[in-house]
Every structure is written in structure tokens, then in C-alpha cells.
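Chains E and C are the protein sequences, given in the same order. Numbering follows our numbering, in which position 122 of the first sequence is assigned residue number 122; successive positions increment by one, without gaps. Position in the second sequence counted from 1, then plus 188, gives you our numbering. Even for Gly, the Cβ is constructed at its ideal location relative to N, Cα and C. Each remark here refers to the structure printed beneath this line.
Protein chains: 2
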Amino acid sequence: MSNEGRSKRADARRNEKTLLAAAAAVFVTSGVDAPVRDIAAKAGVGMGTIYRHFPTRADLIIAVYRHQVDACAEAGPALLADSESPHTALRKWINLFVDFLVTKHGLAEVLRSDKGGFDTLHTYFLDRLVPVCAELLDAAAAAGEIRSDLTALQLMRGVGNLCIGADDPRYDARQLVDVLIAGLRRSR
Amino acid sequence: MSNEGRSKRADARRNEKTLLAAAAAVFVTSGVDAPVRDIAAKAGVGMGTIYRHFPTRADLIIAVYRHQVDACAEAGPALLADSESPHTALRKWINLFVDFLVTKHGLAEVLRSDKGGFDTLHTYFLDRLVPVCAELLDAAAAAGEIRSDLTALQLMRGVGNLCIGADDPRYDARQLVDVLIAGLRRSR
DNA sequence: AGACAAACGGAACATCGCTCCATTATCATA
DNA sequence: TATGATAATGGAGCGATGTTCCGTTTGTCT
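As C-alpha cells, this is what we get:
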């Protein structure tokens, strides 16, 4: 899907690039659930073209943010190597993830749910990031720094949920995630 | 609004009861964002009737769950008096709130947002519960048991967010809330 | 150049929230 | 009890949005 190779026609490849740029632009102004028509208009293409390239909205969102998600995933092992303790590495990595989420209006909202056909999006994020999170989590648990009764999947979903509604200035998602991570510390 | 007294016509009062019952029934099967048409059909009335009695969906949801929210709010002071420590009272009260939220499909989802006209719902829950939460939070802070840099509003929103998607059996909202509350404990 | 398939565009259909007002039912009053 | 004022109803209709479908256009290959 979203083939970047030479296998498609030239106009198809061109339109895919145009669509990604248009979608990225619309996402920052109207959020990730902007009307399909708006994205099509911004790109100057018909709606059929969007659906041909990105059958579901999830596919489009994934394509737009793939690089950033990958960067976040790849930062995990590096942090683990560079930080003085696994718990610190975990905290830094989670902060990276939170920074990414809160700057994408509405992304955390649609990331949450298996509802509405956003299955693919949910699955992609989890497949890509849960293993990284698990590595950091295991390291911290092995070092005896945190409780070990929480799975990486649980933690990721919890953090994702806490980032919902971060647009509201009265709600500080970062602070709540801090509290959550503090709660991981092994008691006593 | 939603006058229960003798001031309205008999058929109006009758329809209001019918609507509340129908809405409650539909909410458990289809979630709180079930189509308005479905609720009207279930109640055997026209859609205009719904909008006359409950101008926004939030009004309907509030009317359906008002008693349970009130019960939760009133349980706060009682828990504070009965528990051995304010922190324990806070934990128990939060658990009460979480139990309420996770059993109402989709309620946490719509509770989150100022988006989509659910303002009233958000406001009602917060007006009713934040003062109670603040009392418990202040007591625990005064006892030196928890960090004091978190507002009751922040905490309530965080807990509400963590309850989103609790339908999924792989996601245990209660456990994550436990971790969050544990994170409130004053370090060292 | 010509032909063929890939890609396109946008009209058309479905769903849902919400409004509007002609019609119906209730109730105070004579 | 009959009646008229008016409270309340119901559902067609409008606008917004997601999604499909197919006649038309355009690239590419020979």
C-alpha cells in the first residue's frame, strides 16, 4: 500500500505526494478528522483519488506521520543506552511520544479506538511502538525500579488516552503523564 | 429544564418518562452516542419530541445518569469521614467514579471534549464532582500524603481520559487509574 | 499515432444531527 | 359537557459528511 516505487503511473505518484502535503497542511489547521472534501480541495484532486490512494483515513494519517513514528521508535534503544537508568530512559521516551501526540490536533482522539474503522491506525502505532516500550519497561523492571504488573500495551494506551484533549489550555497532559510514570515506581 | 413538577401537560410528562426509559435502554446496547432516530423510535415518538424535552444530547445523558452522578458526589464526604486516611478515601472515591464510567459505554468518550456541543455534559460532571474531588485532594495534601501540584480538575480529566476504551478486554482502565493515584503519593 | 489500461473527478447515495411548522391533543373555562 | 386557546407532537426536509461508482481523461507502450 502507498507504493513509492516506480510501479505506478507518473500522475499517480505525483498525486500521492500532493495528497500527503495537502493532508499534512489541513491536519495542522483542522485536525486529523478534517472533512475528506477539504483535503481533496486543498490538493486540487477529486475525492475518488483520495480513496484510491488511501482506502481509509487511517492509511492517510499513517502515511503522513510514518516518519515521525519511526523516529520515535528508533529513539528508544538510543535513550536506553545513553541514560543513567532505565527508568529515566523510559520517562524520556514517553515524553518524546507525548510531545509528538499533543502537537497533532485530534490524533490522540482517533488513536484510542477500534471504533469507526481506525483499527489500522491503532494497530500500526501499537505494532511500531509497543515493542520499544516493552524493551524500556523490561529493563526498568529488571533493574527493580518499577512495578512489573503493567504491560507495555497498557502503558501506551494509558499515555495515549491522557493526551486526549490536550488542546485545552486548562488541561496539561504532560503533567498527568508525569504522575502516571511516577506511579510506576516500585513502592517503598 | 426537564421539569418534573406539575407544570407541564400530562402527555408531556408521560413522554419525558418514556424517553428517559428508552434512552437508558438504547444507551446500554448502542452506547451514549446512539442515533437520535433510534431513541425516538424506541420510545415511539417523533424526533421533534426528543429535542423539545432535551435540546442537546448532553441534556438527555445528564437526565439519564443524574441520580448516579449525585450518588457519587455525595459519597465523597462519607468516605473521607470513614476512611483511615485521606489518601485512602481519595482512592476509594476515584474507584467509585471509575466503576460508574466504565459501565456506561461511550460515556467517557463524550465526557472528554468541549467539541461537538457536549459542553453542557462536560460542565455538569465537572461542576458536580470537581468540588468533591478537591475536598478529598486538599485533605490528602494537608496530611502530607500526596504532591500538591495537581488540581482537582486535572485529576478528574485524567481519570476520565483513562476510562476511554474500557470496553476492550485487553485494556484495564482500573489498573491504570491505580497507577495514576499511586503516582500522587509524595515522593520519599 | 493509436490503443489500451490506469487513474481521475465528482455526481450520487447513505447516514446523521437538527429545524420547522402543519397537525393533534390537552385542559381551563363557560 | 362543549369549546377554543395553546401546548405538544411528528416527521419531512436541510445541511454536512463518508463512501461508492462509473463515464471520462491521461499516461504509456508499441
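At what residues does the alpha helix (DSSP H) containing H255(C) begin and finish?
Segment 245–270, the alpha helix (DSSP H) holding H255(C).
Starting from R345(C), follow its DSSP beta bridges and name the residues at the other end.
Answer is none; R345(C) lacks a bridge partner.
Helix, strand or coil: which one does DSSP assign to I94(E)?
Looking at I94(E) - three-state DSSP - the assignment turns out to be helix.
Taking three-plus beta-carbon pairs below 8 Å as touching, is the stretch 126–134 of chain E in contact with the stretch 66–84 of chain E?
Judged by Cβ distances under 8 Å, the stretch 126–134 of chain E makes contact with the stretch 66–84 of chain E, as three or more pairs qualify.
Determine, for V130(E), whether the minimum Cβ-Cβ distance to residues of chain C falls below 8 Å.
Cβ-Cβ to chain C under 8 Å: no for V130(E).
I'd like the span of the alpha helix (DSSP H) that includes V132(E), first residue to last.
From DSSP, the alpha helix (DSSP H) with V132(E) extends over 119–142.
So with CB distances below 9 Å, who are the chain E contacts of R358(C)?
Correct list: T151, L153, Q154, R157.
Tell me the rounded alpha-carbon separation between A141(E) and I181(E).
When rounded, the distance between both Cα atoms is 13 Å.
Measure the Cβ-Cβ separation of G44(E) and G106(E) and say whether it is below 8 Å.
Contact: no.
Does the stretch 272–290 of chain C come close enough to the stretch 196–208 of chain C to have 3 or more Cβ pairs within less than 8 Å?
Cβ pair count under 8 Å is below three, so no.
What's the C-alpha gap between N191(C) and A296(C)?
Because N191(C) carries a pLDDT of 49, less than 50, the predicted location of this residue cannot be relied on, and the following value inherits that uncertainty. Whole-angstrom Cα-Cα distance: 26 Å.
Count the other C-beta atoms from every protein chain shown that fall within 10 angstroms of the C-beta of R157(E), then say buried if there are 16 or more, exposed otherwise.
It counts as buried.
Kindly confirm or deny that the stretch 48–58 of chain E and the stretch 77–93 of chain E touch, where touching means at least three C-beta pairs closer than 8 Å.
At 8 Å Cβ cutoff, the stretches do not touch.
Out of curiosity, what's the CA-to-CA distance linking A22(E) and V110(E)?
Going from the Cα of A22(E) to the Cα of V110(E) covers about 19 Å.
Here's the rule I'm using: 16 or more other beta-carbon atoms within 10 Å means buried, otherwise exposed. How should P223(C) be labelled?
The residue is exposed, with fewer than 16 neighbouring Cβ atoms inside 10 Å.
Can you tell me whether D178(E) is buried or exposed? The criterion is at least 16 other CB atoms within 10 Å of its CB, across all chains shown.
Result: buried.
I'd like to know whether the C-beta of V102(E) is nearer than 8 Å to at least one C-beta of chain C.
Not closer than 8 Å to any Cβ of chain C, the Cβ of V102(E) fails to qualify, so no.
Quick check on I352(C): does DSSP put it in helix, strand or coil?
It is coil, neither helix nor strand.
Candidates S83(E), E84(E), V28(E), D119(E): which alpha carbon is nearest D356(C)'s?
Ranking the options by Cα distance to D356(C), first place goes to D119(E).
For D82(E), collect the residues of the same chain with a Cβ closer than 8 Å to its Cβ; drop the 5 residues on either side in sequence, then sort them by chain order.
Result list for D82(E): A89, in chain order.
What are the boundary residues of the alpha helix (DSSP H) that G183(E) is part of?
Here the alpha helix (DSSP H) through G183(E) covers 173–184.
Are N349(C) and R300(C) close, meaning C-beta to C-beta below 8 Å?
Against a cut-off of 8 Å, the Cβ pair of R300(C) and N349(C) comes out as a contact.
Using a Cβ-Cβ distance cut-off of 8 Å, determine whether A21(E) contacts chain C.
Not one chain C Cβ lies under 8 Å of A21(E).
Leaving aside the five residues before and after A322(C) along the sequence, list all residues of the same chain whose C-beta is less than 7 Å from its C-beta, in chain order.
Taken in chain order, the residues that qualify are A340.
Can you list the residues of chain E that L368(C) reaches, using a CB-CB cut of under 7 Å?
Correct list: V179, L180, G183.
Please report whether the beta-carbon of G264(C) lies at a distance below 8 Å from any beta-carbon of chain E.
Taking Cβ atoms only, chain E never reaches closer than 8 Å to G264(C), which makes this a no.
Is the CB-CB distance between G371(C) and G183(E) below 8 Å?
Cβ atoms of G371(C) and G183(E): closer than 8 Å.
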